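Notes follow once the structure below has been shown.
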Amino acid sequence: MTQKIHRLPEAVINQIAAGEVVENPASIVKELIENSLDAGASHIDVQIVEGGQQLIRVEDDGSGMDPEDAVLCLERHATSKIGQIEDLQTLLTMGFRGEALAAIASVSQFELKTCREGVATRVVVEGGRITVVEPCARNRGTTIEVRSLFYNTPARKKFQKSASANASQVARVIETIALAHPEIAFSLSAGGKKSFDLPAQNRKERIEEILGGHEHEIVFEQKGILISGYLASPQRAMINRSGQHLYINRRPIFSPLISRAVKDGFGTRIGEHAYPPYVLYLEIPPDLVDINVHPQKKEARFRDDGGIYRLFQDAVSSAFSSAPTSFLEPISFTPPPLFSFAEEPKSNFVTREEPELKFTFTERPLAVMNGYLLLQKDHWLLVDLRAALSRILYESMSVEKGGAQALIWPLEIELLPGEEKMGEELAQIGIECRLLGKKTLAIDTLPPFLEAAHFPEFLAKWKEGKKLGDATSRFCRSLKKTFLLDEAELIWRRLQKCTDRYYDPTGKPIWVEVKEADLERVLRNAH
Ligand code: ADP
Ligand code: MG
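Mind the numbering: the sequence shown is residues -19 to 507 in the working numbering, read in order.
If you want it as structure tokens, here you go:
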């Protein structure tokens, strides 16, 4: 059988394109809202019925279109946003380059009402064909109605989620956009009920309204790069990333790198499988970041992953070390001097993380007894937790001097005569404190793993010779403490980040391998 080549009808081409760009109600809402934003709208109202399958309606008060554009905009590759190929470079992030409306109209019963400079037009499209173009009544702006989604593509319709799943996805899409545009009013009504109604607000109000409060504010600027936004406190950590919002140059972006950096910035304040909610805005010169062009998943690649990673991690950990949780003022901090795009073109972030991940997956904590942890690898490891702890404390006070835990209630220490310099000396080992009057020192932060209740003991050991290694070691040896299994595991994991994982600061080994031969020897000797 011979087959002649023939051109596909435009309507079919649009439907195929729609498979790419119009996946579900949420992706349609996103496209329509982005168009409204581009049209300079200050109010955007969204209405859905049956999760959007029956109706999606997006109404704005933007620039609107004249009668000619109202028809043209439904043609594929019809756009007012790019004129020549060079424009693509800057606009790739914007979506579909003139494909969205054509695609949406090809898989729905579509109606557009738009008004520009007092002239209003109504256009109806059915199955991708324009059936009505007529004058109508409308104020400035545009309303788009999408009915019976996928009515003419039954295969796609079958794969749609439930109405309630679609509705919550739509809500999430609007929230995500609304967080980046607090100055614009948004509303959503689903099935005739108002889901939310956000007036024009400032950023802080918008975040509070959508996320129900925030705890730590971050503002940081360096070399033309600005990080700002809010972190929830560790208690509000979630089991997935749905509370995490990142905007790069105002566009919502998913970045595993930054998500990881923020989590690492939280340090041991949250568990391994907990995700801290945040809303963070990164303003960065466009030549330092590449936004993935795939319309559905926006991911970012940075020219210097390592620099960005450190920047976010430090921003977050500093936010915790500088203020109690009830403060709402911006927390400023001095960024690490290390950060520089010019000097560090390629990151070593991934390779640095790998050994640690391997450890986590291959070693299973079995039991803890009297300060010893038994781990299973291909053989057993016996870990002296006190030695491990003293290595961790030693490094966090001598090398890192950061990642400290802020105390909600400052710890007060009475200074003895001759101890006036104590504050400065403690500051050198990364413990932040203030003089209250002449004789009292208020301790504001402590290194992770040093509990406030144990601090006086540590201080006593440290005062004896001011030798850090010696002090941490003796302090940990004498520590009266029952270790729990998950705490022990945390200590073991944290140890993997130390530069020296084998010896405590006085040179004592932290762990030994227990081989089968060793066990046999022990058992033989028991006879
Ligand atoms: P793109 O946004 O990539 O240009 P679309 O298919 O989404 O492609 O839209 C095509 C064109 O229709 C836009 O370039 C714009 O000129 C016009 N348009 C779409 N939606 C609106 C709106 N809400 N208000 C004003 N103009 C709009
Ligand atoms: Mg568009």
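All residues carry an ideal CB built from backbone N, CA and C; glycine is no exception. Just so we're clear, the structure is a prediction, and the values are computed from it rather than from any experiment.
Taking the C-alpha atoms as reference points, what is the distance between E496 and K357?
Looking up residue 496 in the sequence shown gives position 516. Looking up residue 357 in the sequence shown gives position 377. A straight line joining the alpha-carbon of E496 with that of K357 spans about 12 Å.
Residues near T133 in its chain [Cβ-Cβ closer than 6 Å; skip 5 each side]
Taking the sequence shown and counting its residues from 1, one reaches residue 133 at position 153. For T133, same chain residues with a beta-carbon under 6 Å away, outside a window of 5 residues either side, are V87 in chain order.
What's the gap between the Cα of F234 and the Cα of L262?
Numbered from 1 along the sequence shown, position 254 holds the residue referred to as residue 234. Numbered from 1 along the sequence shown, position 282 holds the residue referred to as residue 262. Separation of F234 and L262 (C-alpha to C-alpha, rounded to the nearest whole angstrom) is 12 Å.
Does the beta-carbon of N146 have 16 or more other beta-carbons within 10 angstroms, so that it is buried, or is it exposed?
Counting from one through the sequence shown, the residue named residue 146 turns up at place 166. With 16 or more other Cβ atoms within 10 Å, it is buried.
Return the residue from the list H(-14), R457, K401 that minimises the CA-CA distance to G351.
Within the sequence shown, the letter at position 371 stands for residue 351. Residue R457 is the option with its Cα nearest to G351.
At which residue ranges does the stretch 350 to 409 contain complete alpha helix (DSSP H) runs of 4 or more residues, listed in the order of the chain?
Counting only runs of 4 or more, we get 365 to 375, 402 to 408.
P115, enclosing alpha helix (DSSP H) - first and last residue:
The residue labelled residue 115 in the question sits at position 135 within the sequence shown. Looking at the DSSP string, P115 is not in any alpha helix (DSSP H); the run it does join, the beta strand (DSSP E), is 109 to 115.
Which residues in the same chain as P265 place their Cβ atom closer than 7 Å to its Cβ, once the five residues preceding and following it in sequence are excluded?
Here residue 265 is taken as the residue at index 285 of the sequence shown, counted from 1. Excluding positions up to five away in sequence, the list reads G204.
Less than 8 Å between the beta carbons of Q34 and S128, yes or no?
Position 54 of the sequence shown, counting from 1, holds the residue named residue 34. Position 148 of the sequence shown, counting from 1, holds the residue named residue 128. For Q34 and S128, yes; Cβs fall inside 8 Å.
When DSSP builds the beta bridges, which residues end up paired with R231?
The residue labelled residue 231 in the question sits at position 251 within the sequence shown. In the DSSP output, where bridge partners are listed per residue, R231 has I228.
Got a sec, what are the start and stop residues for the beta strand (DSSP E) G42 sits in?
If you number the sequence shown from 1, residue 42 lands on position 62. For G42, no beta strand (DSSP E) segment is defined, and its DSSP state is neither H nor E.
So, does the CB of S128 fall closer than 8 Å to a CB anywhere in chain D?
The structure shown has no chain D; it contains just one protein chain.
Give the DSSP bridge partners of C95, in chain order.
Here residue 95 corresponds to residue number 115 of the sequence shown, with the count starting at 1. In the DSSP output, where bridge partners are listed per residue, C95 has A100, G121.
Whole angstroms are fine: how far does the CA of A367 sit from the CA of I13?
By one-based count along the sequence shown, residue 13 stands at place 33. By one-based count along the sequence shown, residue 367 stands at place 387. Distance between the alpha carbons of I13 and A367: 57 Å.
Who are the near neighbours of D270 in its chain, counting only those whose CB is closer than 6 Å to its CB and skipping five residues on each side?
Taking the sequence shown and counting its residues from 1, one reaches residue 270 at position 290. Taken in chain order, the residues that qualify are R281.
Using the Cβ count rule (16 or more neighbours within 10 Å means buried), how would you classify A80?
Here residue 80 corresponds to residue number 100 of the sequence shown, with the count starting at 1. Around the beta carbon of A80, 16 or more other beta carbons sit within 10 angstroms, so the residue counts as buried.
What distance in whole Å lies between the Cβ atoms of P256 and L191, which are believed to be in contact at a cut-off of 8 Å?
Taking the first residue of the sequence shown as 1, we reach residue 191 at position 211. Taking the first residue of the sequence shown as 1, we reach residue 256 at position 276. That belief does not hold up - the Cβ atoms of L191 and P256 are roughly 12 Å apart, past 8 Å.
Beta strand (DSSP E) segment containing L260, residue limits:
For the purposes of this step, residue 260 is taken as residue 280 along the sequence shown, with counting starting at 1. Its beta strand (DSSP E) spans residues 258 to 263.
Under 8 Å by Cβ, that's how I've got L159 and H225 pegged, so tell me the actual separation to the nearest angstrom.
On the sequence shown, position 179 is the one that residue 159 refers to. On the sequence shown, position 245 is the one that residue 225 refers to. With 8 Å as the limit, L159 and H225 qualify as a contact, their Cβ atoms being about 6 Å apart.
Do I393 and I423 have their C-beta atoms closer together than 8 Å?
Mapped onto the sequence shown, residue 393 falls at position 413. Mapped onto the sequence shown, residue 423 falls at position 443. Cβ atoms of I393 and I423: closer than 8 Å.
For R136, the residue or residues it bridges with in DSSP
Translated into the one-based positions of the sequence shown, residue 136 becomes position 156. None, per the DSSP bridge assignment.
Mapping the DSSP letters down to three states, classify V126 as helix, strand or coil.
Position 146 of the sequence shown, counting from 1, holds the residue named residue 126. In the structure shown, V126 sits in a strand (DSSP, three-state: E or B).
Residues near L448 by beta carbon distance below 8 Å, same chain, minus five either side
The residue labelled residue 448 in the question sits at position 468 within the sequence shown. By the criterion of a C-beta distance shorter than 8 Å, L448 is surrounded in its chain by Y374, M377, S378, I409, W442, P485, once the five residues flanking it on both sides are discounted.
When you measure from the CB of N15 to every non-hydrogen atom of the ligand FMN, does any distance come out below 7 Å?
Ligands present in the displayed structure are limited to the ligand ADP and the ligand MG, and the ligand FMN is not among them.
Three-state secondary structure (DSSP) of K419:
One-based indexing of the sequence shown puts residue 419 at position 439. Here K419 sits in coil by DSSP.
Alpha-carbon spacing of A322 relative to A212, whole angstroms:
Along the sequence shown, read from residue 1 onward, the residue named residue 322 stands at position 342. Along the sequence shown, read from residue 1 onward, the residue named residue 212 stands at position 232. Residue placement at A322 is poorly supported in this model, since its pLDDT is 29, which falls under 50; the coordinates still yield a value, given next. Approximately 33 Å between the Cα atoms of the pair.
Output the distance between the C-alpha atoms of L268 and L54, rounded to the nearest integer angstrom.
In the sequence shown, counting from the first residue as 1, residue 268 sits at position 288. In the sequence shown, counting from the first residue as 1, residue 54 sits at position 74. L268 and L54 have their C-alpha atoms spaced approximately 35 Å apart.
Using 10 angstroms around the beta-carbon of I570, count the other beta-carbons present and answer buried if the total reaches 16, otherwise exposed.
The first residue shown for the chain is -19 and the last is 507, placing residue 570 beyond what the model contains.
Alpha carbon of K477 to alpha carbon of I288, nearest angstrom:
The residue given as residue 477 occupies position 497 in the sequence shown. The residue given as residue 288 occupies position 308 in the sequence shown. Approximately 19 Å, taken between the alpha carbons.
Select from V153, R501, A6, V348 the residue whose C-alpha is nearest the C-alpha of S222.
Here residue 222 refers to the residue found at position 242 of the sequence shown. The residue from V153, R501, A6, V348 with its alpha-carbon nearest to that of S222 is V153.
Roughly how many angstroms lie between the CA atoms of L92 and Q181, to the nearest whole one?
Along the sequence shown, read from residue 1 onward, the residue named residue 92 stands at position 112. Along the sequence shown, read from residue 1 onward, the residue named residue 181 stands at position 201. So the two alpha carbons sit approximately 29 Å from each other.
Which full runs of the alpha helix (DSSP H) of 4+ residues lie inside the stretch 170 to 251, going along the chain?
Counting only runs of 4+ residues, the alpha helix (DSSP H) found wholly inside the stretch 170 to 251 occupies 183 to 191, 236 to 246, in chain order.
Whole-angstrom distance between M218 and R231, CA atom to CA atom
To locate residue 231, count along the sequence shown from 1; it is residue 251. To locate residue 218, count along the sequence shown from 1; it is residue 238. C-alpha separation (whole angstroms): 23 Å.
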